[in-house]
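Colleague: Have a look at the structure that comes next, please.
Protein chains: 2
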Amino acid sequence: MKAGNSKGKNIRWHSTHVERREREQLLKQRGCTIWFTGLPASGKSTTAFTLEHELIRKGYLAYVLDGDNVRHGLNRNLGFSMEDREENIRRIGEVAKLFADAGVIVLTSFISPYRKDRDLARTLHNDAGLPFLEVFVDTPVEVCETRDPKGLYRKARQGEIKGFTGVDDPYEPPLAPEMAIRTLDCSPEQCAEHILRYLATHGLIKPHLKVVPVMQ
Amino acid sequence: MKAGNSKGKNIRWHSTHVERREREQLLKQRGCTIWFTGLPASGKSTTAFTLEHELIRKGYLAYVLDGDNVRHGLNRNLGFSMEDREENIRRIGEVAKLFADAGVIVLTSFISPYRKDRDLARTLHNDAGLPFLEVFVDTPVEVCETRDPKGLYRKARQGEIKGFTGVDDPYEPPLAPEMAIRTLDCSPEQCAEHILRYLATHGLIKPHLKVVPVMQ
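Dropping the structure here:
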């Protein structure tokens, strides 16, 4: 790398990206993707948002990708055909990978019902040496259907929505997820706590000096 | 927001995204997009990489999106037709917006030759209240052609590449960019310094307590 020439400002010029570990040192965390998958209304988003808030509160940089910020933006030109669903998850996998490469703990909250699509996202990350944690939000379909906050199961049962996961389109549960959370047995807070412990145990978040333990 | 129930862990459950300002407080910076545009070999990437390194050195989180990490990933299914070029820049604008929303200073380094495509990216950011800084890397085509590190101008002149910006495809310079940098008059270090000053002046980066001024 050639030395800079900026009148004592000590800036040097560079022709390549900053290395991932430099950003990770700055953030005291490893960039990684936490991929939530599960039926509609299984509790993916509540768990992801709860974890996101808790990570930020502890001083870590986390960001949730979900229907709100992806389907209405990057993927606004995709519909719900088989091809478009596949492309939807492919793009989300690629964007998650970019975020993880930037050092961010990115949480994706999408049904992502097919194994091969999730496996593609995993492979993208593995090939780049980025941690990919699949979290199966394991809630029985009967329970999801009872919750049904947006009334979508009802519409699907009445035939108003076609190809609805859990009703007339299959959900393929992960075979070997890094974590499975059972929302029937655990609150969102407990699920988030469980994932936080995983992140700490696996060295993905490092203690911040400014966090002072308090006697309880 | 309902109080948590996690045995004294003090985690609360959440049903919505973390607000942008919370991440920004954590990072001591505002999420924003610095959009470099200019002819092939004008110096976009060297400036972007130099700025990225300098921001990280100062403790700010920055990330460069460029051909390396976008064309071979998210946009691998796009070619070079008019439609695909437009979609290429659209997706980059959407991804940059996601990064800015996450609190990151994202630097995009793409020729992005057409005004309407850049304006779309700007509008996406404006609509979300996110700063968008267009940086015109203003290097005369003759100079770019002399540099020609990848021999692409030569191939375009010989007709081996069709639709090459600056040779047989137009480049539309920005009409009112936030910044214009003249790589003939300034080193990459000086260009980066110039943009850093802009970021500080406009309150996009805030002083870090840990940066101690040194007498010179």
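Note that the protein sequences, when read in sequence, are chains F and C.
Residues in the first sequence are numbered consecutively from 1, following this note's numbering.
Residues in the second sequence are numbered consecutively from 1001, following this note's numbering.
Where a beta carbon is used, it is the ideal one built from N, C-alpha and C, also for glycine.
1. CA-CA distance, C:Asp1101 and C:Gly1031?
2. At a CB distance below 8 Å, what residues from the segment 187-203 of chain F approach chain C? Give them in sequence order.
3. Considering only the beta carbon of each residue, do C:Leu1107 and C:Leu1051 sit closer than 8 Å?
4. Would C:Thr1146 be called buried (16 or more neighbouring beta carbons within 10 Å of its own) or exposed?
5. From this set, C:Arg1118, C:Val1135, C:Pro1149, C:His1017, which residue's C-alpha is nearest F:Ala62's C-alpha?
6. Nearest to F:Arg71 by alpha carbon, out of F:Phe110, F:Phe36, F:Glu94, F:Ile105?
7. So what does DSSP say about F:Asp119, is it helix, strand or coil?
8. Identify the residues that DSSP records as bridge partners of C:Ser1109: which are they?
9. Going along the chain, which residues of its own chain have a beta-carbon closer than 7 Å to the beta-carbon of C:Leu1078, five neighbours each way excluded?
10. Determine which residues share a DSSP beta bridge with C:Val1135 and list them.
11. How many angstroms separate the CA atom of C:Glu1054 from the CA atom of F:Arg12?
12. Any C-beta of chain C sitting closer than 8 Å to the C-beta of F:Glu178?
13. Excluding five sequence neighbours on each side, which residues of the same chain lie with their C-beta closer than 6 Å to the C-beta of F:Trp35?
14. Ordered along the chain, which non-local residues of its own chain (more than five positions away) have a Cβ less than 7 Å from that of F:Arg157?
15. Kindly list the residues whose CB is nearer than 6 Å to the CB of F:Phe164, restricted to its own chain and excluding five residues on each side of it in sequence; keep chain order.
16. Would you mind sorting F:Gly151 into buried or exposed? The rule is 16 or more other CB atoms within 10 Å of its CB.
17. Which residues share a DSSP beta bridge with C:Ile1205?
Modeller: In short:
1. Rounded to whole angstroms, C:Asp1101 to C:Gly1031 spans 6 Å at the Cα level.
2. Residues of the segment 187-203 of chain F with a C-beta less than 8 Å from any C-beta of chain C: Ser187, Pro188, Glu189, Gln190, Ala192, Glu193, listed in chain order.
3. Going by C-beta atoms, C:Leu1107 is nearer than 8 Å to C:Leu1051.
4. Counting Cβ neighbours within 10 Å, C:Thr1146 comes out exposed, since fewer than 16 surround it.
5. In terms of CA proximity to F:Ala62, C:His1017 leads the group C:Arg1118, C:Val1135, C:Pro1149, C:His1017.
6. Cα-wise, what sits closest to F:Arg71 is F:Phe110.
7. Taken through DSSP and simplified to helix, strand or coil, F:Asp119 comes out as helix.
8. Bridge pairing for C:Ser1109: C:Phe1036, C:Asp1066 [DSSP].
9. So the list reads Asp1084, Glu1087, Asn1088, once near-sequence residues are dropped.
10. Within the DSSP secondary-structure output, C:Val1135 pairs in a beta bridge with C:Phe1036, C:Met1179.
11. Each residue's Cα considered, the two are about 8 Å apart.
12. No, F:Glu178 does not count as interfacial toward chain C.
13. These residues qualify, in order along the chain: Thr108, Glu134.
14. These residues qualify, in order along the chain: Val167.
15. Excluding five sequence positions before and after F:Phe164, the CB atoms of its chain that fall closer than 6 Å to its own CB belong to Ala156, given in chain order.
16. If you draw a 10 Å sphere on the C-beta of F:Gly151, you find fewer than 16 other C-beta atoms in it, and that means exposed.
17. The beta-bridge partner set that DSSP reports for C:Ile1205 consists of C:Gln1029.
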